[in-house]
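Chemist: Following this message is one structure expressed as structure tokens.
Have a look at this one:
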């Protein structure tokens with residue numbers, strides 16, 4: 001085994017070696033280095049061909065027309081372009097936007113910016129399992145609503161929103177539906193033929209492609225229009241100017257092609273590993289899975305070990321690369337807003353670990369992880385005054401604590 | 001976050017972990033912090049009739065720096081008089097452990113814990 005063991009695939013994934021090999025073919029003088037926008041020579045044509053091939057590969061995974069794919073620098077840029085671009089373009093129709101409290105910061109902060117510009121935003125509360133239902137969306141739509149933005153899969157807890165059903169609601173009301181699908185490509189079937197999604201953000205680096213490249217799906221029928229956020233040479237049909245990064249794009253194309261071919265086998269293997277991990281950890285006392293376990297991507301396990309603080313747990317797990325919802329691991333010293341929004345108390349939010357499994361995770365690594373987590377939780381509970389109190393039958397929620 | 005060697009040492013080999021009988025009149029208990037904030041420290045001291053701390057025990061729920069701060073504190077207070085222990089400053093703890101600014105509150109909590117334990121023993125003894 002190689003240490004540390006990587007269990008943070010939802011943060012980013014390594015490039016598949018097959019992806020890296022394709023990318024390396026687009027860099028040097030002997031290779032495909034040209035500017036895809038150069039119309040006057042073979043270097044440009046060859047690069048353009050590679051970019052268009054990749055566009056087709058990305059479109060295939062989404063089951064859409066390649067002309068509906070706009071290259072961006074990643075999901076954050078795609079979210080910004082979708083939300084601010086659509087809100088601004090359709091401002092005459094209304095100034096109300098709907099999103100949820102557990103979206104990625106790229107969505108929430110784009111919405112905050114629009115609020116500063118005079119738009120009104122409704123932040124839906126997901127249910128306690130982390131899911132936003134079509135009914136919640138329908139109830140929030142107003143005559144002046146122009147845009148609904150929701151994630152397909154939550155980055156922290158891995159739960160899945162039914163975007164097919166929500167798309168029916170938004171289409172019925174003539175409201176644009178944007179979906180952040182950064183966490184779902186290669187993990188769930190995405191079909192733009194059957195899903196009435198108008199805008200979809202995707203990124204390469206969570207699906208074994210390179211960082212720094214993503215795309216926005218922009219529906220042609222019915223046609224969705226956007227105000228560009230990046231002005232310049234009019235690339236990508238004017239929606240996103242900037243010289244296309246051939247090597248990045250080729251990498252994303254190959255990554256999405258591999259996802260298309262290998263998704264089923266990958267998912268089956270990963271689900272087996274996730275279940276093994278969960279079963280291994282669940283025989284401890286006071287262990288809670290955060291978010292809906294059934295409506296969740298196979299790769300994700302978000303779990304709280306009551307009476308143990310997350311950062312100290314990660315410190316004991318230095319051979320494991322995982323993430324925590326604990327305040328101490330964030331710059332803001334606030335526990336995860338996602339876990340709090342689904343109703344977790346602060347203690348359980350502080351005690352959470354997110355472990356995300358990927359294409360290169362092995363059974364041996366999972367077994368090692370189970371052993372180490374159990375050992376660390378046991379050690380920290382021996383150190384924990386809260387564990388003592390719990391064992392003495394004290395109800396910790398009834399204790400008067402002096403907040404500090 | 002990178003931890004100092006001293007924090008790691010205290011975290012991996014915490015000193016004086018344990019629990020004393022709170023009903024013992026020679027034991028002072030300080031419980032500070034809150035689960036909601038991510039750290040709770042329980043510091044207990046056993047004090048002789050002439051006011052010297054003979055033993056100290058702690059348990060801490062919190063990050064590595066909080067555990068190290070309380071572990072270090074138990075080492076420091078043993079053998080000191082209550083007045084000497086009162087004089088321990090959070091900045092001494094932070095400096096000894098090399099805590100970064102974002103972790104200073106852990107040392108503050110440790111200072112609060114010893115002050116609370118001393119107040120408890122004084123209250124118990126009616127002084």
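Protein chains in written order, with UniProt numbering: chain A, 1 to 404; chain B, 1 to 127.
Idealized CB from N, CA, C, for every residue including glycine.
#1: In the DSSP output, which residue or residues are listed as bridge partners for residue 120 of chain A?
#2: Here's a check: name, in chain order, each residue in its chain whose Cβ is nearer than 6 Å to the Cβ of residue 52 of chain B, leaving out the five neighbours to either side.
#3: Just the C-alpha distance for residue 373 of chain A and residue 90 of chain B, rounded to the nearest angstrom, thanks.
#4: Would you say residue 401 of chain A lies against chain E (beta-carbon separation less than 9 Å)?
#5: Helix, strand or coil for residue 299 of chain A? Go by DSSP, reduced to three states.
#6: Assuming the contact rule is C-beta atoms closer than 8 Å, residue 129 of chain A and residue 292 of chain A should be a hit. Round their C-beta distance to whole Å, please.
#7: Assuming contact is defined by CB atoms lying nearer than 9 Å, are residue 51 of chain A and residue 258 of chain A in contact in what I supplied?
#8: 9 Å is my cut-off, CB to CB: does residue 17 of chain B come that close to chain A?
#9: What's the call for residue 311 of chain A, buried or exposed, on a 16-neighbour Cβ count within 10 Å?
#10: Can you grab the Cα-Cα spacing for the pair residue 42 of chain B / residue 68 of chain B, in whole Å?
#11: Taking Cβ-Cβ distances below 8 Å as the criterion, which residues of the region 35 to 69 of chain B are in contact with chain A?
#12: Since residue 396 of chain A meets chain B, which of its residues come closer than 7 Å, beta carbon to beta carbon?
#13: Determine whether the beta carbon atoms of residue 183 of chain A and residue 137 of chain A lie at a separation below 9 Å.
#14: Between the region 298 to 311 of chain A and the region 348 to 361 of chain A, do at least 3 Cβ pairs fall closer than 8 Å?
#15: Along chain A, in chain order, which residues have C-beta atoms closer than 8 Å to that of residue 31 of chain B?
#16: Return the bridge partner residues of residue 33 of chain B from the DSSP annotation.
#17: When the cut-off is 9 Å and only beta carbons count, does residue 346 of chain A lie next to chain B?
#18: Please identify the residue among A/334, A/250 and A/167 whose C-alpha is closest to the C-alpha of residue 219 of chain A.
#19: So residue 359 of chain A is in the beta strand (DSSP E); what residue range does that whole segment cover?
#20: Between the Cα of residue 323 of chain A and those of A/9, A/3 and A/1, spot the shortest distance and give me the residue it belongs to.
#21: Would residue 107 of chain A and residue 99 of chain A be called neighbours here (beta carbons separated by less than 9 Å)?
#22: Along the chain, where does the beta strand (DSSP E) that runs through residue 193 of chain A open and close?
#23: Are the C-beta atoms of residue 14 of chain B and some chain A residue less than 9 Å apart?
#24: Thinking residue 238 of chain A and residue 228 of chain A are a contact (beta carbons under 8 Å), I'd like their distance in whole angstroms, please.
#25: Can you tell me whether residue 231 of chain A is buried or exposed, with buried defined as 16 or more other CB within 10 angstroms of its CB?
#26: The region 153 to 183 of chain A: which residues have C-beta closer than 7 Å to a C-beta of chain B, in chain order?
#27: For the region 299 to 321 of chain A, list every residue whose C-beta sits within 7 Å of some C-beta in chain B, in sequence order.
#28: Using beta carbons (cut-off 9 Å, strictly below), is residue 335 of chain A in contact with chain B?
Modeler: Working from what's here:
#1: Within the first chain, the letter at position 120 stands for residue 120 of chain A. Note: residue 120 of chain A sits in a beta bridge opposite A/96.
#2: Here residue 52 of chain B is taken as the residue at index 52 of the second chain, counted from 1. Counting only Cβ-Cβ distances below 6 Å, and skipping sequence neighbours, we find 81.
#3: One-based indexing of the first chain puts residue 373 of chain A at position 373. One-based indexing of the second chain puts residue 90 of chain B at position 90. Distance from the CA of residue 373 of chain A to the CA of residue 90 of chain B, rounded to the nearest whole angstrom, comes to 32 Å.
#4: Among the chains of the structure shown, chain E does not appear; the protein chains present are A and B.
#5: Taking the first residue of the first chain as position 1, residue 299 of chain A is located at position 299. Secondary structure at residue 299 of chain A: coil, using DSSP grouped into helix, strand and coil.
#6: Walking along the first chain from the start, residue 129 of chain A turns up at place 129. Walking along the first chain from the start, residue 292 of chain A turns up at place 292. Between residue 292 of chain A and residue 129 of chain A the Cβ distance is about 4 Å, and since that is below 8 Å, they are a contact.
#7: Translated into positions along the first chain, residue 51 of chain A becomes position 51. Translated into positions along the first chain, residue 258 of chain A becomes position 258. In this structure, residue 258 of chain A does not lie closer than 9 Å to residue 51 of chain A by Cβ.
#8: Translated into positions along the second chain, residue 17 of chain B becomes position 17. Yes, residue 17 of chain B lies at the interface with chain A (some Cβ there is under 9 Å from its Cβ).
#9: In the first chain, residue 311 of chain A corresponds to position 311, counting from 1. So residue 311 of chain A ends up on the buried side.
#10: As a position in the second chain, residue 42 of chain B is number 42, starting the count at 1. As a position in the second chain, residue 68 of chain B is number 68, starting the count at 1. Counting only the Cα atoms, residue 68 of chain B lies some 13 Å from residue 42 of chain B.
#11: Per Cβ criterion, the list reads 35, 36, 37, 38, 39, 40, 41, 42, 59, 60, 61, 62, 63, 64, 66 and 67.
#12: As a working mapping, residue 396 of chain A is identified with position 396 in the first chain. The contacting residues are 35.
#13: For the purposes of this step, residue 183 of chain A is identified with residue 183 of the first chain, where counting begins at 1. For the purposes of this step, residue 137 of chain A is identified with residue 137 of the first chain, where counting begins at 1. The beta carbons of residue 183 of chain A and residue 137 of chain A sit no closer together than 9 Å.
#14: Because the criterion of three Cβ pairs below 8 Å is met, the region 298 to 311 of chain A and the region 348 to 361 of chain A touch.
#15: The residue you call residue 31 of chain B lines up with position 31 of the second chain. Near residue 31 of chain B (Cβ distances below 8 Å), the residues of chain A are 385.
#16: Taking the first residue of the second chain as position 1, residue 33 of chain B is located at position 33. According to DSSP, residue pairing for residue 33 of chain B in a beta bridge involves B/40.
#17: On the first chain, residue 346 of chain A is found 346 positions in, with the first residue counted as 1. At a cut-off of 9 Å, the C-beta of residue 346 of chain A has a neighbouring C-beta in chain B.
#18: Along the first chain, read from residue 1 onward, the residue named residue 219 of chain A stands at position 219. Across the set A/334, A/250 and A/167, the C-alpha of A/167 shows the shortest separation from the C-alpha of residue 219 of chain A.
#19: In the first chain, the residue the question calls residue 359 of chain A occupies position 359. Under the DSSP assignment, residue 359 of chain A falls outside any beta strand (DSSP E); it carries neither an H nor an E label.
#20: Residue numbering aside, residue 323 of chain A sits at position 323 when the first chain is read from its first letter. When only C-alpha atoms are compared, the closest one is A/9.
#21: The residue you call residue 107 of chain A lines up with position 107 of the first chain. The residue you call residue 99 of chain A lines up with position 99 of the first chain. Their beta carbons are under 9 Å apart, which means residue 107 of chain A touches residue 99 of chain A by this criterion.
#22: Reading the first chain from its first residue, position 193 is the one you call residue 193 of chain A. According to the DSSP assignment, residue 193 of chain A belongs to no beta strand (DSSP E), since it is labelled neither H nor E.
#23: Working through the second chain from its first residue, we reach residue 14 of chain B at position 14. So yes, residue 14 of chain B belongs to the interface.
#24: Counting from 1 along the first chain, the entry for residue 238 of chain A is found at position 238. Counting from 1 along the first chain, the entry for residue 228 of chain A is found at position 228. Yes, they are in contact, since the Cβ atoms of residue 238 of chain A and residue 228 of chain A sit about 6 Å apart, within 8 Å.
#25: Sequence index remark: in the first chain, residue 231 of chain A carries index 231 (1-based). Exposed.
#26: Residues of the region 153 to 183 of chain A whose Cβ lies closer than 7 Å to any Cβ of chain B: none.
#27: Residues 307, 309, 311, 312 and 315.
#28: Walking along the first chain from the start, residue 335 of chain A turns up at place 335. Yes, residue 335 of chain A counts as interfacial toward chain B.
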